[in-house]
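Enquirer: Quick one: the structure is below, and I'll ask about it shortly.
2 protein chains.
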Amino acid sequence: MAIEQHILLAVDALVLGYTPDSGLSALLIKRRYSPFEKMWALPGGFVKDDESLEDAVSRELEEETGVKIEYLEQLYSFGKPDRDPRRRVVSVSYYALVKPDIYQLHATTDAEDVGWFDINKLPELAFDHRHILEMGLDRVRNKMTYEPIGFNLLDEKFAFADLLKLYEAIIGDNKKLIIDRANFKKKLKSLGIIEELPESRKQPGSGRPARLYRFNREQYFEKKNRGVFEMLFPHRS
Amino acid sequence: MAIEQHILLAVDALVLGYTPDSGLSALLIKRRYSPFEKMWALPGGFVKDDESLEDAVSRELEEETGVKIEYLEQLYSFGKPDRDPRRRVVSVSYYALVKPDIYQLHATTDAEDVGWFDINKLPELAFDHRHILEMGLDRVRNKMTYEPIGFNLLDEKFAFADLLKLYEAIIGDNKKLIIDRANFKKKLKSLGIIEELPESRKQPGSGRPARLYRFNREQYFEKKNRGVFEMLFPHRS
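In order, the protein sequence lines correspond to chains D and H.
Going by our numbering, the letters in the first sequence line up with residues 80 to 316, in that order.
Going by our numbering, the letters in the second sequence line up with residues 80 to 316, in that order.
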């Protein structure tokens with residue numbers, strides 16, 4: 080094919096982390112090289128000729144941060160002609176939501192540092208990475224209104240308050256989303272996605288012990304595969 | 080940048096059309112050249128160095144089919160290393176939903192023919208275009224459960240049955256979606272997205288005249304901008 084094209088293809092990874100103590104965070108690397116030298120950015124890099132986009136993003140993420148994630152979900156492709164000052168680079172971005180404390184961070188070659196940053200206290204980001212990050216947050220917020228998230232982010236047994244806290248951390252100060260706590264709980268239970276356990280947990284301080292729940296993964300995947308999604312909580316109207 | 084990469088970047092357009100008489104269709108071109116010579120495919124082609132992905136897909140679509148669409152929405156990027164038998168091509172796909180009868184079709188250079196094909200009677204498609212098409216249909220079906228579609232597909236004044244017919248054409252034989260007609264109507268009215276008009280339309284045959292409605296675009300966009308989406312009808316559970 081006699082196609083003359085001078086566009087490079089890259090992948091970027093938006094990895095969001097959650098812990099009850101530190102809330103929602105994003106995994107960033109500090110760029111060792113120009114352009115945007117010393118600035119923080121999403122991990123990512125160029126696709127090799129023989130690897131799939133999914134393999135490329137997993138590889139780049141692991142190379143630059145030490146974080147190995149098998150499956151990232153595609154977010155969006157960014158292709159403005161001037162988004163990279165060097166030459167034309169189109170980036171296919173991916174995202175994942177993980178428990179940060181199970182990973183050992185390790186910055187290498189292209190990255191001179193790596194860290195988790197509180198989503199509410201982010202540094203200025205290189206390229207259009209702030210835009211990618213905002214779009215990723217919007218995607219997660221939108222998705223969680225019709226699909227439960229957080230399977231892998233909470234302990235095996237959790238109090239309903241833990242789940243709410245996770246959802247509220249993701250919503251942040253986004254005024255468009257509201258959770259009606261009672262209805263949300265009722266819906267998750269009636270869908271069979273969370274299961275009440277016989278156990279309860281003593282709360283710090285006084286107060287009643289909190290009932291514990293667990294996710295019913297089978298129910299969830301069974302419903303998901305049959306295309307059952309319901310609005311779990313309404314957006315603000 | 081000393082990056083050695085041999086990947087070409089393309090865009091593909093999934094244009095879905097709807098008319099009450101012929102239902103849902105897809106705009107396809109017949110390939111003039113190898114590979115997949117004489118096979119039907121989605122319109123598309125390579126991105127120029129200085130154009131955005133959106134400009135590229137609009138240009139390729141118009142060049143190959145005569146159909147000019149200002150805005151197509153990004154669907155997904157397809158990047159399996161072997162999806163093109165010639166060399167590595169990554170395709171960013173876009174989609175749009177239009178009224179087919181307002182366009183004059185005109186096949187040019189790369190395309191030796193162009194036409195609208197009933198979604199239920201599609202020919203075999205080149206490359207992974209069948210997969211792209213299925214993903215696009217899924218996206219539209221999923222989207223329409225929480226956002227009304229069809230603004231541009233129905234007449235200015237329409238009977239509620241016209242809107243239902245459109246939705247049912249998109250759902251097709253997908254068993255995962257069901258519309259509760261009465262609730263759907265109530266919801267659209269209570270959201271202010273459709274407005275009852277004083278007029279009604281005489282139905283073919285006997286029967287009561289059908290009440291006419293119009294979309295309230297302002298209401299819709301106002302709600303959309305404030306992030307208000309509600310489940311318009313449930314998936315089957």
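The C-beta atom is built at its ideal place from N, Cα and C for all residues, glycine as well.
Using the beta-carbon of each residue, which ones in chain D are nearer than 9 Å to D259 (chain H)?
Expert: Working through the second sequence from its first residue, we reach residue 259 (chain H) at position 180. Within chain D, no residue comes near D259 (chain H); the closest Cβ sits about 13 Å away, beyond 9 Å.
Enquirer: For G284 (chain D), does the count of other Cβ atoms within 10 angstroms reach 16, so buried, or fall short, so exposed?
Expert: Walking along the first sequence from the start, residue 284 (chain D) turns up at place 205. Result: exposed.
Enquirer: Give a yes or no on contact between the stretch 285-294 of chain H and the stretch 232-248 of chain H, applying the rule of three or more CB pairs nearer than 8 Å.
Expert: Result yes; three or more Cβ-Cβ pairs closer than 8 Å.
Enquirer: Where L95 (chain H) and G158 (chain D) are concerned, what is the direct C-alpha to C-alpha distance, given to the nearest angstrom?
Expert: As a working note, residue 95 (chain H) is residue 16 in the second sequence. As a working note, residue 158 (chain D) is residue 79 in the first sequence. Between L95 (chain H) and G158 (chain D), the C-alpha separation is close to 24 Å.
Enquirer: Going by the beta-carbon positions, is the gap between L216 (chain H) and G229 (chain H) smaller than 8 Å?
Expert: The residue labelled residue 216 (chain H) in the question sits at position 137 within the second sequence. The residue labelled residue 229 (chain H) in the question sits at position 150 within the second sequence. Result no, Cβ atoms of L216 (chain H) and G229 (chain H) do not sit closer than 8 Å.
Enquirer: Nearest-angstrom Cα distance between T98 (chain H) and K281 (chain H)?
Expert: For the purposes of this step, residue 98 (chain H) is identified with residue 19 of the second sequence, where counting begins at 1. For the purposes of this step, residue 281 (chain H) is identified with residue 202 of the second sequence, where counting begins at 1. Going by the C-alpha atoms only, they are around 20 Å apart.
Enquirer: Can you pull the chain D neighbours of E130 (chain H), defined as C-beta to C-beta under 8 Å?
Expert: Taking the second sequence and counting its residues from 1, the one referred to as residue 130 (chain H) is at position 51. Neighbours of E130 (chain H) on chain D, chain order: P160.
Enquirer: What residues in the stretch 142-175 of chain H have a beta carbon less than 7 Å from any beta carbon of chain D?
Expert: Listed by position along the chain: Q153, Y155, S156, G158, K159, P160, R165, R166, R167, V169 and V171.
Enquirer: Is it the case that the stretch 135-155 of chain D contacts the stretch 164-184 of chain D, given that we only count it when at least three CB pairs across the two stretches are under 8 Å?
Expert: The stretch 164-184 of chain D vs the stretch 135-155 of chain D: in contact.
Enquirer: Determine whether the beta carbon atoms of N231 (chain D) and V177 (chain D) lie at a separation below 8 Å.
Expert: For the purposes of this step, residue 231 (chain D) is taken as the residue at position 152 of the first sequence. For the purposes of this step, residue 177 (chain D) is taken as the residue at position 98 of the first sequence. Yes.
Enquirer: Taking only three categories from DSSP, how would you classify D241 (chain H)?
Expert: As a first step, residue 241 (chain H) is located in the second sequence; it is residue number 162 there, counting from the start. Helix.
Enquirer: Tell me Y97 (chain H)'s beta-bridge partners as DSSP assigns them.
Expert: Reading the second sequence from its first residue, position 18 is the one you call residue 97 (chain H). DSSP lists H:L103 as partners of Y97 (chain H).
Enquirer: Nearest by alpha-carbon distance to I24 (chain D): which of D:Q298, D:F115, D:A240 and D:T224 is it?
Expert: Nothing can be reported for residue 24 (chain D), as the shown portion of chain D is limited to 80 through 316.
Enquirer: Run through chain D and tell me which residues come within less than 8 Å of F125 (chain H), C-beta to C-beta.
Expert: Taking the first residue of the second sequence as 1, we reach residue 125 (chain H) at position 46. By Cβ distance, chain D contributes I82 and Q84.
Enquirer: List the residues of chain H whose Cβ lies closer than 7 Å to the Cβ of L88 (chain D), in chain order.
Expert: Here residue 88 (chain D) refers to the residue found at position 9 of the first sequence. Going along chain H in sequence order, the residues near L88 (chain D) (Cβ under 7 Å) are Q84, I86, L88 and V169.
Enquirer: Out of D:P202, D:I181 and D:T144, state which residue places its alpha-carbon closest to the alpha-carbon of T187 (chain D).
Expert: Taking the first residue of the first sequence as position 1, residue 187 (chain D) is located at position 108. Measuring from the Cα of T187 (chain D), the nearest candidate turns out to be D:T144.
Enquirer: Would you mind working out which of H:R166, H:L106 and H:Q84 sits nearest H185 (chain H), comparing C-alpha positions?
Expert: As a position in the second sequence, residue 185 (chain H) is number 106, starting the count at 1. The shortest C-alpha separation from H185 (chain H) is found at H:L106.
Enquirer: Name the residue from D:L267, D:R166, D:V90 and D:K264 whose alpha carbon lies nearest to the alpha carbon of S156 (chain H).
Expert: Residue mapping note: residue 156 (chain H) aligns to position 77 of the second sequence, counting from 1. Closest option to S156 (chain H), Cα to Cα, is D:V90.
Enquirer: So, does the CB of Y246 (chain D) fall closer than 8 Å to a CB anywhere in chain H?
Expert: Counting from one through the first sequence, the residue named residue 246 (chain D) turns up at place 167. Chain H contact via Cβ: absent.
Enquirer: Any beta-carbon of chain D closer than 8 Å to the one on Y299 (chain H)?
Expert: Within the second sequence, residue 299 (chain H) is the residue found at index 220, counting from 1. By this cut-off, Y299 (chain H) is not an interface position.
Enquirer: Which of the three DSSP states, helix, strand or coil, is assigned to G194 (chain H)?
Expert: Here residue 194 (chain H) refers to the residue found at position 115 of the second sequence. Reduced to three states, the DSSP call for G194 (chain H) is strand.
Enquirer: Which same chain residues, not among the five before or five after Q153 (chain H), have their C-beta less than 6 Å away from its C-beta?
Expert: Reading the second sequence from its first residue, position 74 is the one you call residue 153 (chain H). The residues are Y173.
Enquirer: So is Y225 (chain D) in contact with chain H if we call contact Cβ pairs under 8 Å?
Expert: If you number the first sequence from 1, residue 225 (chain D) lands on position 146. Closer than 8 Å to some Cβ of chain H, the Cβ of Y225 (chain D) qualifies, so yes.
Enquirer: Is A92 (chain D) buried or exposed, if buried means 16 or more other CB atoms sit within 10 Å of its CB?
Expert: Along the first sequence, one-based indexing puts residue 92 (chain D) at 13. Under this definition A92 (chain D) is a buried residue.
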